[in-house]
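Residue numbers for the sequence shown follow my numbering, so the first one is 247 and each next one is one higher. Glycine included, each C-beta is placed from N, C-alpha and C at the ideal position. Below: one structure, written as structure tokens.
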Amino acid sequence: MKYFISVEVKATGPIADLTAAIQRAFDRGAAGAFQVLVTHAPSYLVVFERESADDRTYVSKRATSPDVSVETAAMQQLAAELVEGDIGTLAMLIVSVLQDGEAQCFDYGAGAFVDLAEVDAQPATRSAR
Numbered sequence: 247m248k249y250f251i252s253v254e255v256k257a258t259g260p261i262a263d264l265t266a267a268i269q270r271a272f273d274r275g276a277a278g279a280f281q282v283l284v285t286h287a288p289s290y291l292v293v294f295e296r297e298s299a300d301d302r303t304y305v306s307k308r309a310t311s312p313d314v315s316v317e318t319a320a321m322q323q324l325a326a327e328l329v330e331g332d333i334g335t336l337a338m339l340i341v342s343v344l345q346d347g348e349a350q351c352f353d354y355g356a357g358a359f360v361d362l363a364e365v366d367a368q369p370a371t372r373s374a375r
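Given below as structure tokens:
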């Protein structure tokens, strides 16, 4: 099931540079897709599309305590993938928002977050992070 994480950050450089920095992380293994949108100047909204089947194993490992929700764990997992993918300094504001759990998660009622919480489900196929 698809779910989305959106992050709004201050525009600290051209949108093309931010897009290239995020694309580099995806080229190096970050899962899913993304789109960078211009919002109220001067900020950008980055929307990440994710798959619960891909993230289930990693999110369940991160959501091990009552104070870490599935949504927060999903944000932290995406942040880890972006850092591993060498997102660069331009996009580190995105990583900070994700690590702090301050992004927005939504799935349009598809039940992706319930699916992410299913610990006993089939494990994902990419390497653990």
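Classification of residue 366 by the beta-carbon crowding that lies within 10 angstroms, buried from 16 upward: Translated into the one-based positions of the sequence shown, residue 366 becomes position 120. Here the model assigns residue 366 a pLDDT of 47, short of 50, so the residue's position is not dependable and the matter cannot be decided.
Beta-bridge pairing of residue 296 - partner residues as DSSP gives them: One-based indexing of the sequence shown puts residue 296 at position 50. Note: residue 296 sits in a beta bridge opposite 249.
Cβ shell of residue 331 (< 7 Å), same chain only, five flanking positions each side left out: Position 85 of the sequence shown, counting from 1, holds the residue named residue 331. Excluding sequence neighbours, residue 331 sits near 270, 271, 272, 274, 275 and 276.
Cα-Cα separation, residue 364 to residue 345: Stepping through the sequence shown from its first residue, residue 364 is reached at position 118. Stepping through the sequence shown from its first residue, residue 345 is reached at position 99. So the two alpha carbons sit approximately 22 Å from each other.
Sub-8 Å separation of residue 308 and residue 322 beta-carbons: As a first step, residue 308 is located in the sequence shown; it is residue number 62 there, counting from the start. As a first step, residue 322 is located in the sequence shown; it is residue number 76 there, counting from the start. Result yes, Cβ atoms of residue 308 and residue 322 sit closer than 8 Å.
Burial state of residue 354 (16 or more Cβ within 10 Å): As a first step, residue 354 must be located in the sequence shown, where it is residue number 108. With fewer than 16 Cβ atoms within 10 Å of its Cβ, residue 354 is classed as exposed.
Per-residue DSSP class, three states only, for residue 315: In the sequence shown, counting from the first residue as 1, residue 315 sits at position 69. Coil at residue 315, not helix or strand.
Local conformation of residue 254 per DSSP, three classes: Residue 254 sits at position 8 when you count from the first residue of the sequence shown. In the three-state scheme derived from DSSP, where H, G and I count as helix and E and B as strand, residue 254 is classed as strand.
Secondary structure of residue 369, DSSP reduced to three states: Walking along the sequence shown from the start, residue 369 turns up at place 123. In this predicted model, residue 369 has a pLDDT of only 45, less than 50, meaning its place in the structure is not dependable; the value taken from the coordinates is given anyway. Residue state, collapsed to three classes: coil.
Close Cβ partners of residue 289 (< 6 Å) along its chain, the five nearest in sequence each way excluded: Position 43 of the sequence shown, counted from the start, is the residue given in the question as residue 289. Excluding residues within five positions, the ones whose Cβ falls inside 6 Å are 254, 256 and 257.
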